[in-house]
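What follows is a set of notes on a single structure, which appears directly below.
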Amino acid sequence: MIIALNNKSNLNKEEFISYLNSLKQISTNSTLILCPTYINIPLVDGVLLGSQNVSRTDTGAFTGEVSAKQLKSYDVKYSIVGHSERREYQKETNEDIKEKIIKLQEEGITPILCIGESKVERDNGTYKEVIKEELSILNDIDNSNIIIAYEPIWSIGTGIIPTNEEIIEVFELIKSILPNNKVLYGGSANNDNIDTLKQIDLIDGYLLGGLSLKPDKLQEFLNKLN
Ligand code: 13P
Numbered sequence: 004m005i006i007a008l009n010n011k012s013n014l015n016k017e018e019f020i021s022y023l024n025s026l027k028q029i030s031t032n033s034t035l036i037l038c039p040t041y042i043n044i045p046l047v048d049g050v051l052l053g054s055q056n057v058s059r060t061d062t063g064a065f066t067g068e069v070s071a072k073q074l075k076s077y078d079v080k081y082s083i084v085g086h087s088e089r090r091e092y093q094k095e096t097n098e099d100i101k102e103k104i105i106k107l108q109e110e111g112i113t114p115i116l117c118i119g120e121s122k123v124e125r126d127n128g129t130y131k132e133v134i135k136e137e138l139s140i141l142n143d144i145d146n147s148n149i150i151i152a153y154e155p156i157w158s159i160g161t162g163i164i165p166t167n168e169e170i171i172e173v174f175e176l177i178k179s180i181l182p183n184n185k186v187l188y189g190g191s192a193n194n195d196n197i198d199t200l201k202q203i204d205l206i207d208g209y210l211l212g213g214l215s216l217k218p219d220k221l222q223e224f225l226n227k228l229n
């Protein structure tokens, strides 16, 4: 299983150092990918590194941006792109996200592309169209080394998860388009619902937000997965 830890904009320097020490004690057969806030990246050793974002531009005169080349120089191997929080707050479009994926691929960094529908789109039945549209950016680029993370927006940080049937329907759709790609589930995955989620064979791993910040609870989650 792939377990990607999205710290989001959490953990200051002191907190992160102590967190990282605890994280390094975790024992699991799963592949853990730590995605800290950019500023904590240079503090990481001994854990596979991911970033939470990347610039769509190259290294150069782009104030405030971090390029794929710079990430590579810090040994970042994965990068989350298209997280719903960036789509919403930074108004990232599918086209922006495609450009980011191309920059990552140029540096050999594996994109973790987040997709997923809002509550309105789920309720009005357009969620499959939304997902197809979000995946369509991969149509004319090399999609062989891209991880997909299905994160229904209404599930992120809410404690509410879709039913297994709802998850299976979307995973089948994703895998019908991308049969050879790993697909993660994200959105309120925790120790209370992992026994239910793990019944779904199609899930190749998890993208964890809140749980990523609590190494002791994360260990419990990983134990339950085995
Ligand atoms: P939560 O696990 O806190 O719901 O966050 C999920 C997420 O957005 C991971 O990218």
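Residue numbers for the sequence shown follow this note's numbering, beginning at 4 and rising by one. Using N, Cα and C, we set each Cβ at its ideal position, and we do this for glycine too. Since the structure is predicted, the reported quantities are computational estimates derived from the model, not experimental observations.
Its chain contains L37 as the residues whose beta carbon lies nearer than 6 Å to that of V50, once the 5 sequence neighbours on both sides are disregarded; these appear in chain order. T199 carries a helical assignment under DSSP once its states are collapsed to helix, strand and coil. Distance between I151 and N184, taken at the CA atoms: about 7 Å.
Cβ neighbours of V79 within its own chain (closer than 8 Å, five residues either side excluded): I44, L52, G53, S54, I112. Distance from the C-beta of E18 to the nearest heavy atom of the ligand 13P is not below 7 Å. Annotated three-state conformation of I36 is strand, per DSSP. Between the C-alpha atoms of A7 and L181 there is a straight-line separation of about 20 Å.
In the DSSP assignment, N127 falls outside any alpha helix (DSSP H) and carries neither an H nor an E. Contact between the stretch 121-136 and the stretch 7-16 is absent: fewer than 3 CB-CB pairs across the two stretches fall below 8 Å. Here I150 carries a strand assignment [DSSP, helix/strand/coil]. By the CB criterion at 8 Å, S87 and G63 fall outside the cutoff. With a cutoff of 7 Å, G119 does not count as near the ligand 13P, since its C-beta is closer than that to no heavy atom of the ligand. DSSP, reduced to helix, strand and coil, places L181 outside both helices and strands of the structure shown, so it counts as coil. Look at A7 here: in three-state DSSP terms it is strand.
A distance below 8 Å separates the beta carbons of I83 and N9. By a beta-carbon distance limit of 8 Å, V57 does not contact V47. Their separation comes to about 16 Å. According to the DSSP assignment, P218 belongs to the alpha helix (DSSP H) that extends over 218-228. Fewer than three pairs of CB atoms, one per stretch, sit closer than 8 Å, so the stretch 157-169 makes no contact with the stretch 94-110.
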